[in-house]
Structures are given as structure tokens and as C-alpha cells.
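Okay, structure first, notes after.
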Amino acid sequence: MPRLPARLALAALVAIATIPAHAAEPIRVGVTVSQTGPAASLGIPQRNTVALLPTEISGREVKYILLDDASDTTKAVANTRKLIDEDKADVIIGSSVTPASLAMVDVVAEKQVPMISLGASSKIIDPPGGARVWVFKTPQNDSLMADAVADHMAKHGIKTVAFIGFNDAYGDGWLTEATRALEAKGIKLVDTERYARADTSVTGQTLKMMAAKPDAVLIAGSGTPAALPEKTLKERGYTGKIYQTHGVANADFLRVGGKDVEGTILPAGPVLVAAQLPDSNPIKPVALKYVHDYDAKYGAGSMATFGAHLYDADLLLQQAIPLALKKGEPGTPAFRSALRDALEGLHEVVLTQGVANMSPKDHNGFDQRARVMVTIQDGKWVLLH
Amino acid sequence: MNSVDPTIFLILLQDGIVNGAIYALLALSLVLVFAVTRVVLIPQGEFVAYGALTYATLGAGRVPGSVFLLCALGIAACGYGFWAERRTLDLSATLRLLGETILLPAAVLVLTLWLAPQRAGIAVEAFLALLIVAPMAPYLYRIAFQPMAEASVLVLLIAAVGVHLAMVGLGLVFFGPEGSRGDAFSGATYTLGALTVPGQALWIVGATLLIMAALALFFGLTLRGKALRATAVNRLGARLVGIPTAQSGRLAFALAGCIGALSGVLIAPLTTVYYDSGFLIGLKGFVAAIVGGLVSYPAALVAALAVGIGESFSSFYASAFKEVIVFGAIVPVLLARSLLAAPEAEEE
Amino acid sequence: MRARRLLWLPALALFLCVPFLPGLPLFWVNLLDTIGIASIVALGLVVLTGVAGMTSFGQASFMGFGAYASALLTQAGFSPWLGLPAAIIASLAAALVIGAAAVRLSGHYLALATIAWSVSLFYLFGNLDLTGRYDGINGLPALDLFGIGLGDSRRFFVLVWICVALAMLGTRNLLDSRVGRSVRALRGGAVAASSFGVHTTWARMLAFLYAAMLAGLAGWLYANFQRAVNPTPFGLNASIEYLLMAVIGGAAHIPGALLGAAVVTILNDRLQSLLPLLLGAQGSFETIVFGALLVLMLQIAPEGLWPRLVRLRPARRVIGHAPELPRRAMPQRGDAVLDVRDLRKNFGGLVAVNDVSFRLSAGEIVGLIGPNGAGKSTTFNLLTGIDHASAGHVAFRGARLRATAPAIARAGIARSFQHVRLVAAMPVIENVAIGAHLRGRAGAVAALLRLDRAEEARLFAEAARQLARVGLAEHADRPAASLALGQQRIVEIARALCLDPVLLLLDEPAAGLRHAEKQALAALFGWW
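Protein chains in written order, with my numbering: chain A, 1 to 385; chain B, 386 to 733; chain C, 734 to 1261.
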């Protein structure tokens, strides 16, 4: 009688399939971040941050519905539809990576739900208009960061640069932006190399870069995998300057990099060095609060700047939701549209990563204040003045 | 456009050989497991990642989560074992089963809890990492594969995918999304003309040669080794002459677990290992194993070295297309092998 | 009978109305859309892997070809409908190029090759400016049909499931046809099939192309459903997931593809919602539980869930009256048929067949006898092109014989095998019909469109006639493997007779037969 267990299995499936969705009332924030897969090092601190967010904004209960998109585009889009259709989300936060965010743009535009992306590339919001009127993002545009790097290089007399980046959208975005920014400063890009996140060796790429004898090397990777090229360069006796991107800004990078990453220069959001900011900087208290809250919950020194992007997205919502509540009830198209308008109209909102001034032309809203140059000294992030 | 000077050539060659040695070890165990059990052991790479990350976690003075997985798998394997052998179980078999699946992980757990915080030294930590990771393999065989040992190769393969998915997910829980490195066995570097060879690289190549020699002796001289070979050649025949195939399967898995975990411990000091590194490393081992025909060890070794060296050189010439080149290059090899193989061999 | 067969049409029509039911959450419609698209890819794998026995880890790449082709055309301003033929042509073209090498690969070599192209193509898509690099092509316009926008997932549902229904119907038609039988014979019966004129490499290619075409169709749907295309959904992991769906559902069964896609998709989705409730913690436990469940499901149902849920009864094939197939011109009794001179086969140093010479005339029954290992079967294998002779000369009806199995079958030599070579799971009647392969000509397209029915009826009438002739008519619908060994030998003879042979080579036809069966066999010979 093989049919019985099979019948049971079917019944169980049906049971799973018919768990009802709950009724609507509070403000619903749908979050889809990459908790697993290649971008897990971004998504996990973002997931952790959700627990720090306020559950009430101007007297209204806020519900966060958290999903994992496994760094996968299809899953991210499916999650977005699920959050909107099943969970009746009023706003979507996510995804952690650019390709997934790009694919989500059309879905939120079609459903007319505002979305705040945590992806790096400016392509998510540029060019403005069209479907992108519904899309905002909190991480600094990679173009802003690339300009900062090029600036710093030019000031320190660097003439030639070799580039090595992830063989994915992050590395690709940086290659495009760095090429543009370096050219603008008259710095020559003498070699470009790519590697995969999980590669066990970058010896070939390193030798090729060193053969080009650059004044500096720019590494575009995120988290601990970005340490591999740097360690290999040091092993092979490279003595020039090494630049990283803001993608490396977490404690694990320092742990894995050890003494080999001393002296590295990178652009980062102010939250990375919050305690070292001058007291006059309005960002300092906001950033410090986040660092403090995160460390208190997850252990000292565990804060990663990726989580701060999600925190910033919520800070934006805290400003915009009271305005939107005047125009409509949560769960209605009027509310979502008012929320979008309110987000677009935000002015001088202090976040952990900078000060945002939104406009129809700029859905990121960051300026120079959203980046600082940082170096690594004695295994710590140190603000460069 | 880029002429390679001899120094660079040598460095690339060395890098390729070191990577190739690891692929060779994995290829070896994949061949062994497939021949004995018909399972394409996709989770082989996970043993490498677990080995490396367990070693690195111990090196940081913390208790790795993998030791708890070992205990859980041991208990599950015990349950499966009792169920599978419920009709034939006598006292000595019961004791053996309990010893294998309960006592061993319990001992490892106690040892780990005791040794981990006191930084007992590299050799002890490496050995402990092996003890934690290697027994998982035979437990997994008991739990996942032994109950369907007679299923088709395809079904076993998909089951291996299931084990792989679960292990990667658990790896993320235990070790976090970021990578780690372990302490080197030897900080020394040796200069050979223009070439500087790190001591760890010599360890890897040396260990590979040693393991191969040991396996050759094991298969050639010991009764268990011969039994394993017999099972590989003909499962039914082996069973008819009294070799328990399930036991052979566990032994093959245990060897694969040892080799995987050891590979992990060996590469941990040279590169950063992530919770999901295993798949790609295992895949390259798989490439070598298949190019070697899934039967021949020397051919797999040559293929593994070729993959390692090919990777090293293509990362120099066209790093963005490295995988395209490496994987593209194996297709003609496969074609040649396939055409040279026996004409129209009946499948399944 | 016919009315019952068409029952699926109203069922489909009813199903297409499902998304418009009031109260069905849009979310479930989306999920069903996803399931539909995935099941089309899995359906291709049923044909390729489950039926033809070729394991592929590369179906998502073909989906990628379809999706990118469609996206590029749409981006260039063409109608997304034009993307459909473009997607199918692109995936077929890619399959033709890749398949040229792939179908010559056996077993694991093929599996590895599929991994190889899967990985390579992922990085290729990601590094080419044409395909928008890693960010891909985004913001594609929605499909519309005479002004009715299909961007809405409820309306898109209709499109997806019409495609699924057509794909399932096409697959059934294809497998239940002359070429379909040759594809089905690839797993376990390839040698025998080639001895009856089936070009096995072409049959493999056909399975390969068909699976790729379905993947291309799914790719087109995917591109228009997501309205964005980038490399991740077409990588190795995605390919593995499709294979997993097919195996879970039951890789050898058409509905298995649908069931597998549904189970995997729904499980993945529900686990994400359920686990945090069950475990009380936010974590990434989905893949862990999913992996464990996968293993468990395979342990309970190694053949897949479909055969486990539905007790599969062998369907009764209705054999109607059909005009007899034309017969070939037979030689006159006493004409020379076969002339073998100095036939030789060396396996390395071993001489298996040592300069054998003999002649055969029409109407003769000649026995080839010798002890075990004398080379009898090898001689047969040489004569039927399964092995190639090291030296010697074979003339058939006065002309030199070409040494490939299909050509020899075409000339009119049919054989049985010492070790029975029937397709185990296939009904006896269809096994016998493979013998008549060369007496039909309908191809894959005719099969897909069911334009082959008249010819099929004639082939099956012939098969039934030969089966009745050997006295096994009542076993026609049973799977071949369920017959006793002696009966299976007799089935092989019926299959050989279906070729309308000039020369019948029977390799130990009486081995393993009981006395009564031997007598029946002798009667069969005497009856001629």
C-alpha cells in the first residue's frame, strides 16, 4: 500500500499551501534582502538591523515582513510580488544587490509601491523618471565613491592604476565608474583584472597587475573576499598604494586581512568611523546610535555598514510616513503614492551614512557629506582628514 | 601582447600545481566514492569548506558549530542504523553501532569543548578539525544514501544535491557569511632561484603525494582495501563473496570525508575559505575525476594538475573569462575521451 | 473513448479561469505562473534525462538563450511576440551547436559537459556588452494581445498555462510516435534500436533539441514575466534546480514535470514563511530544511512522486484495422543471400573470430554452433554492424554490406540478442513496433502535430500481427520486463519479424526456454 504515505504527503502540502494570510491594518514594510547566497555578507547585517527598527511610527504600528532572496533575481522579484500581493506591503526595502534591485523596479512601478533599494549602482535610480519614480536608494552611488577615490589618488600624485574587481555586477559597476572618474582626473588605468568571490587564488591576476607597474591598485570587492588580492599583492612583494571600496567595510575584513591590509585607503560612509567624526558633524549622533544599538544586540565590533543602509531606509520612512498618513490610510494606493511623494520631497534628513536631499532628479540625495576617506591602522578603521 | 617572462611562468606553474594538488585529492575521493557507491559526491566540497572553517574557528579559540552537527548526525545515523539492521542486530553489532555513532561524536565534543578555548597548538587543532569533520561523511552515508543504495545514479545524484544544499545552509549558520583563514603549518618560505615557495605549498604537495601513496598501499595490501576494490569492480559479485556493500560504502565515505577535511585544513592558511567555497572547489575536482574517466587515479591526477595550471594561466591572460576558458577547454577533452571509449556502451 | 480523451480540454479551460476567481490572492497566481514556466523546462528534462537518459545540468542556459534573444529584440523595439520565434530559434541554434558535440558524449562525460557550458555561458552572458553584462537587460515592455495587456499576472497566467498545456500535449505526441519510440529506446535499448535502423545519435539529438526548445519557450515566458533578464537565473544552480524538479516529480513521466515544479516551488516559498513561525527565529534555514526534505522525498519515492501518487496502469492500446505495410521484394528460394569470407575480429591480442567463412541461401535455416566463447555472438555482432570487423568481406545479396547497424537493418537483416535487449518499461507492443521503424517515415514535426496517425496505425497493426504470430498477443500491453525471460526472447523474434527481414539472425533463441516454449518456438520455425 504505497499510496497512504503519498496521500499524507499531499495532504501536508495542501495544508502548507493554505495557511491564511492575516488581516490588514498597520503600516507594512516589506523587506527582501540577500540573507543567503553570494551576497549573504550584505544581507545578514541587514536582516539583523530589522530587529533594531522602531515598531511604531507616529502612533501607527509598523510591521516588517522579512524575506530572503538568496542573492537571486528571480527570487527577489517573486518576493517583491509576494510582499505586495500577499502581505499588502506599503513600501519595499531591498534588495541587497544591484541586479536583483534592477529587476524589481518594474514590478514596484506596476504595482505603484515605493521601493528603497540597498544596491550600490546608480543605475537603479538613473536616469530618473519612468518606472524609477517609485525607486529610491540609500547606499551611496558607486559614482560618488569612485569620484572620492579618484580625488584622493590625484591629490597623492598617483598617475597609473591597476584595477581588480569581482566578476559580477558589483565589480562591473565599479569598473565602469572608476574608468570614468580616473579619466576625469587624468589618471591612467593600466590593467583591469577580474576574479570570482570564491576563487582560491588570484596569483595570475596579481602578477599581471604588477607587471604593469601601477602606482596604485584599486580592488573592487565586498567583504572578506576583497582581502585575497591584497594579501596576494603583499605576498608577491607589491609595495605601492592599495585602495579598496566601501564594500569591505566590516570587521571580518580586518580579521581576515590582518597585517596585510594595513595602510589600505577606502571611501566609506561616515558610520564606519562614527566615533571619530568631529562633534560638529550632525551625522555623528545618528550613526553612533546605530552602532551602539547594533553592537549591544549582536556583540561589540560586529556592526557592518551594509546594515546601516537598511537603517537609513527606515530613517527616511520615519520622516516620510507622518506626511503620507495625512493623505491616506496604510494599505491604500493613496497612502503609497503619498509616501512616494513624501520620500521624494525629503530635505536635509540626517542618516547614518550622510545627509539626504531628495528631489525628482535625485532619489539617493547624498552629497559629499556621505563619504569620508578611511584608512586602516593597527587593525582599526581610521578617518583620514 | 603579453610575453611571459620565465619567472612569471614558474610562479603561475607553481600556483597551478598547488591548486591542482587539492583538486587531485578531491578527484581521488570522488572516484573512490562513485566506484563503490555510485554516488556522485557533490558535498565533497563541503567537507573541504567545513574542514578549513572548523580549523580556522579552532585557531581563533572558539568552539566551531560543526561539532554540534557531528553529534546530531551521529544520533540520526544511530537511529537509521538501528532501523536498517533491526532484524540482524546482536549485542556486538549494537555496541559497535553505538560506539561509532554515539560514543565517537560525544568524545569529539568533549575534546573540542575542552581544547578549543586553550589554543592547543596548530597540530592539535588540525587533528581536531579532522576528527570533527571526517566522521560526518559516513554518518551522511548511513542517513541519506544507504536507505536508497539501489536507486539509479540520477536519483543518488539528486540526493547528493540535497545533502549539498543542507550542508551549505548549515555552513552559513555555523561560520557566517564571511570567510576565514587558518594558521600556516609552516611560516617558512624557500627560495628556488627566482621562485619563492611558501612552506604551506610544500605541505600541500607533500600531503597529496603521501595520501596517494597511502591509498595505493591500502588498496594493494590490506584486506579491507581489496574488499573496497572488489565492490568497486562488481557490487553484486562482492556481495556474493561476503563483502557487505553497505560497510564498503561507509568506508568509502569515511575516506572521502578524511581527504576532504584534510584538504580544507591544508588550504585554509593559503586562501580565504567561505561557507560556500566548497562547491566550486569540488566542481574542479569533479572535472578532474571525469576527465580521468572516473576509474583511473593517475589520469585523474594528471587532469587535476592540468585544471589547476590551466586556471592559473587563464587568470593571467584573461581573468574575466577564466571559467569560460577552463570549462570550455574540457569539452574537446571529453569528446575525445567519449569517442575513444568503448563503442555504443549500453547505459543504465 | 475519444470523448474521454478530450476531457482535458474543458479541464484546461476551467483551469485557465482559476486566476479570475474572486478571492484567489494574486500572490498565488504569481506562484502558479512561476510553476508553469519552471514545469516547461522540467518537461524538457523529462524527455532528455528521464526518457532518453541524458543527464543535463545545462537547461537553464538554453532558457537564457531564449530569454536574451527575446529581450534583445524587444529592447530593439520589436514586438515581444516576435521574441517567441526568436527565442525558439536562438535556443535551437545554441542546442544544435552544443549538441553537435554533446550527443556524442556518453554518461558522465555528458553531465560534465553540461556543467561546463552552464558555467561558461553564465560568465559569457555576464561579460558581454551585448547582453548588458551582469546588470542584464531591464525594463522590457509588457506583452499585449490586440490591446489586452498581458503584464498583469492573472492574464499572463492564461498565456503561461496554454504554453504548458501545449508543451505537455506536444511531448506526449512526440513520445508516442515512431521517433518517440526511438528516443525512448535510448535508455537500455539503444543497441537493439540501432539494429532496427534507428539512428541513435540523431535520436539523442532530437531529444536534446526538443528539451532546448522547451527551455527556450520557458525563457521567452520568463523574460516577459519578469520583464528583466540577467545572468543569475540561467546559471548552474538554476539548472540543478530544474533537474531536481524533474527527478522529484518523476523524471520518466510527463505529469511528473508539473508535479515536481509545483512541489519544489511551493515548498521553497512556504518554507520561507513557515520556518520563522516554527523556529521562532529569523535565519536562513530554508535551504537546510529543503535539502533534508529533498533527500527524504527521494528515499520515500526514488522514482519520483508522480508514480507514487498515481497507480500507473498500463494503458490499453487500441489496434484498429489498417492497410498492411508494403513488403520488400524477397529473393527467390535458393538465391545466394549472405556470403561471408575470412571474417576476423581481434580484441587487442585476443582473436575472437578467426577467419570465418560461410554462405547462406534463401529458404535455408543454418545453425552456427560452437562452445561458449567460440565467437558466435561476436560473429552476429560483426554481421549486424554492432562491432566492426578487423578484416574480412561480407556480401549481402551480391553487394558489399556497409558496416553500420542502421544500414544493415535497411538491407533487410534482423536479429535477436543473446542477452535480451528490450526497453524494460515500454509495453511489449511498442517494443515490437520498433522493429518496424524503417517501414515508417513520419518525423518529429509530424509526430508533434499528430499528422502521423495513419502511419502509426499501420505500424501497430503490423506489430500486433507479428506478436499474434508468435503467440503473445495477450501480453501486448504489459511492460516488457514483466514477461518471463523465454517470452522476452520470443518478443525479440516478433520485433525482428516486424522489419520484414530477408535474413533473420537469432542469437541463442532457445536458451532459457522451458520445454513447452521450445516446442512452440520450433512450431514457429516449422510454420514458415
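Each residue gets a CB set at the ideal place from its N, CA and C atoms; glycine is no exception.
Contact check, residue i vs residue j, beta carbons under 8 Å
i	j	result
L854(C)	T788(C)	no
V493(B)	A674(B)	no
L1232(C)	L1171(C)	yes
D185(A)	D215(A)	According to the sequence as given, residue 185(A) is Lys; it is not Asp. Going by C-beta atoms, K185(A) is not nearer than 8 Å to D215(A).
A409(B)	L613(B)	no
V919(C)	A936(C)	Per the sequence shown, residue 919(C) should be read as Leu rather than Val. Closer than 8 Å, so yes.
R1130(C)	D1240(C)	no
T200(A)	I652(B)	yes
N906(C)	A1175(C)	no
L489(B)	L513(B)	no
D252(A)	T224(A)	yes
I1226(C)	F958(C)	no
N1001(C)	D85(A)	no
V1070(C)	L1093(C)	yes
Opening and closing residue of the beta strand (DSSP E) in which residue i lies
i	result
D341(A)	Segment P333 to E344 is the alpha helix (DSSP H) holding D341(A); no beta strand (DSSP E) there.
K289(A)	Where K289(A) is concerned, there is no enclosing beta strand (DSSP E), although the alpha helix (DSSP H) it sits in stretches over I283 to Y298.
N1079(C)	A1069 to F1080
M373(A)	V372 to Q377
I27(A)	I27 to V33
V658(B)	Element bounds for V658(B): n/a, residue is neither H nor E.
R60(A)	R60 to D68
N1087(C)	L1083 to S1094
F790(C)	Premise fails: F790(C) is in no beta strand (DSSP E) and is neither H nor E.
W134(A)	No beta strand (DSSP E) contains W134(A), which DSSP labels as neither H nor E.
H1126(C)	A1124 to F1129
T160(A)	T160 to F166
Any non-hydrogen atom of the ligand FAD within 7 Å of residue i CB
i	result
Q353(A)	The ligand FAD is absent from the structure shown, which contains no ligands of any kind.
Span of the alpha helix (DSSP H), counted from its first residue to its last, around residue i
i	result
D766(C)	L759 to L778
S801(B)	In the structure displayed, chain B extends from 386 to 733; residue 801(B) sits before or after that span and is not available.
P1064(C)	Run containing P1064(C): none; DSSP gives neither H nor E here.
P391(B)	P391 to T422
K1251(C)	H1248 to W1260
F855(C)	G840 to N860
Proximal residues to residue i (C-beta, below 6 Å), its chain only, five neighbours per side dropped
i	result
L395(B)	L580
Q1252(C)	none
H246(A)	M145, P267 and A268
A220(A)	G165, G171, W174 and T245
E732(B)	Low local confidence applies: a pLDDT of 41 at E732(B) is under 50, so the model's placement there is unreliable, and no value is given.
Cβ-based neighbour list, residue i, same chain, cut-off 8 Å, excluding 5 preceding and 5 following
i	result
L725(B)	none
M734(C)	Because M734(C) sits at a pLDDT of 41, beneath the cut-off of 50, its placement in the model cannot be relied upon, and the following sentence gives the value as read from the coordinates. Excluding residues within five positions, the ones whose Cβ falls inside 8 Å are V1051.
H22(A)	Note that H22(A) scores 42 on pLDDT, short of 50, meaning its location in the model is unreliable; the coordinates nonetheless yield the value given after this. Correct list: empty, nothing qualifies.
Beta-carbon proximity list for residue i, same chain, < 7 Å, skipping 5 on both sides
i	result
V590(B)	I402, V403 and A406
L1004(C)	E1019, V1022 and F1023
A274(A)	K284, A287, L288 and V291
Q1221(C)	V1153, L1155 and A1213
Could you pull out every unbroken alpha helix (DSSP H) segment of at least 4 residues lying fully inside the segment 963-1051 of chain C, listed in chain order? You should have 969-982, 987-1012, 1019-1033 and 1038-1042.
In chain order, which alpha helix (DSSP H) runs of at least 4 residues are fully inside the segment 176-235 of chain A? 203-211 and 227-235
Quick one, which residues of the segment 117-129 of chain A are near chain C if we go by CB-CB under 8 Å, in chain order? S121 and K123
Ignoring anything shorter than 4 residues, give me the alpha helix (DSSP H) runs that lie fully in the segment 504-587 of chain B, in order along the chain. As far as the segment 504-587 of chain B is concerned, its whole alpha helix (DSSP H) runs of at least 4 residues are 507-518, 521-525 and 538-560.
Between the segment 547-571 of chain B and chain A, which residues of the former have a C-beta closer than 8 Å to a C-beta of the latter? So the close ones are G554, L557, G561, P562, E563, G564, S565 and R566.
In chain order, what residues of the segment 1025-1047 of chain C put their CB closer than 7 Å to some CB of chain B? A1025, L1027, V1028, L1031, Q1032 and P1035
Contact list for the segment 66-93 of chain A against chain C, Cβ threshold 7 Å: Of all residues in the segment 66-93 of chain A, L66, L67, D68, D72, T73, T74, V77, A78, R81, K82, D85 and E86 have a Cβ within less than 7 Å of some Cβ in chain C.
May I ask you to list, following chain order, the residues of the segment 471-487 of chain B that have a beta carbon less than 8 Å from some beta carbon of chain A? none
Chain A contacts made by the segment 882-911 of chain C, where a contact means CB separation under 9 Å: G884, D885 and S886
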